[in-house]
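As structure tokens, the structure follows; a few thoughts come after it.
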Amino acid sequence: GTVISLSQNKSIIKTKMKTAVLASLVASAAAFAPSQSGKATTSLAVSELELGVTEPLGVYDPLGWLETQPESFERRRAVERKHGRIAMAAVVGNIVHNNHIVFDGYLSPSSDLKFSDVPTGVDGIRAIPASGLFQILLFFGLVELAWMPASKYDGDYGVGYFGTNLDPEVKIRKLNVELNNGRAAMLGILGNMVVECATGETMYEQYAAGHVTAF
């Protein structure tokens, strides 16, 4: 059979992962953009309860909270939507960083720390200086309180969908896509972190070792 050198094997793996990056960016672009309010007709109006309903589960409420705590649904849906958006960004960022695609220059000149010095995977956060972590938390706080306040439950922050007004039917479909992609991303990023902690291998190392299935 054909013998593939180590360098060729690494090249193949990098190509596959870069393809995964592109696919993830394209597939999740619709979900990242906040929904545009648009003009919807009455016949196409949809409630939050109808969004994200996926067969065969339908309206999945095993604890009966819709009956016992109906006033809390709107907030829980807003939390689900926001966490889904964060998880989608985390999945794409994890794939990009595992491809060793990083900024040039220094993350912390005072600590002589370059972006390329930050390890991939969950260990990366440990390499960031305390002052850097504080800046990240401060930025998140400003976003949460000012630009994208948690009190705005509909998740529409007025930036539009790539500057276009969506047809109501298309908008409803994209809202469903966003919720379901967000749910998948939350499971995906959590699963990746659990496996990395359990195996000690980053996503790239798991791909390189062929550990990409459960069998």
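So the number in this note's numbering is just where the residue sits in the sequence shown, counting from 1, plus 9. Cβ atoms here follow ideal geometry from the backbone N, Cα and C, with glycine treated the same way.
| Item | Value |
| --- | --- |
| Which residues in the same chain have their Cβ closer than 7 angstroms to the Cβ of Arg192, if we skip the five residues on either side of it in sequence? | Gly93 |
| Report buried or exposed for Lys180, applying the criterion of at least 16 other Cβ atoms within 10 angstroms of its Cβ. | buried |
| Quick one: Cα of Leu58 to Cα of Ala194, how far? | 21 angstroms |
| Keeping to the same chain, check which residues put their C-beta closer than 8 angstroms to that of Gly141; ignore five residues upstream and five downstream. | Leu116, Ser117 |
| Residues in its own chain within less than 6 angstroms of Ser123 by CB, not counting five upstream and five downstream? | This sequence places Lys at residue 123; Ser is not what is there. Closer than 6 angstroms at Cβ, skipping near neighbours: Tyr115. |
| Pull up the distance between the alpha-carbon of Glu76 and that of Ala218, whole angstroms please. | 49 angstroms |
| For Cys206 and Pro177, what's the separation of their Cα atoms in angstroms? | 43 angstroms |
| Taking C-alpha atoms, which residue in Asn201, Arg182, Ala159 lies nearest to Arg84? | Ala159 |
| Can you tell me which of the three DSSP states Tyr115 falls into? | strand |
| Between the C-alpha atoms of Gly150 and Val221, what's the straight-line distance to the nearest angstrom? | 36 angstroms |
| Is the beta carbon of Asn185 less than 8 angstroms from the beta carbon of Leu60? | yes |
| Is the beta carbon of Met212 closer than 8 angstroms to that of Val131? | no |
| Work out the CA separation of Arg90 and Ile134 for me, nearest whole Å. | 25 angstroms |
| Kindly identify the DSSP beta-bridge partner or partners of Lys123. | Tyr115 |
| Would you list the residues sitting across from Tyr170 in a DSSP beta bridge? | Thr173 |
| Whole angstroms is fine: what's the gap from Lys183's alpha carbon to Ser120's? | 44 angstroms |
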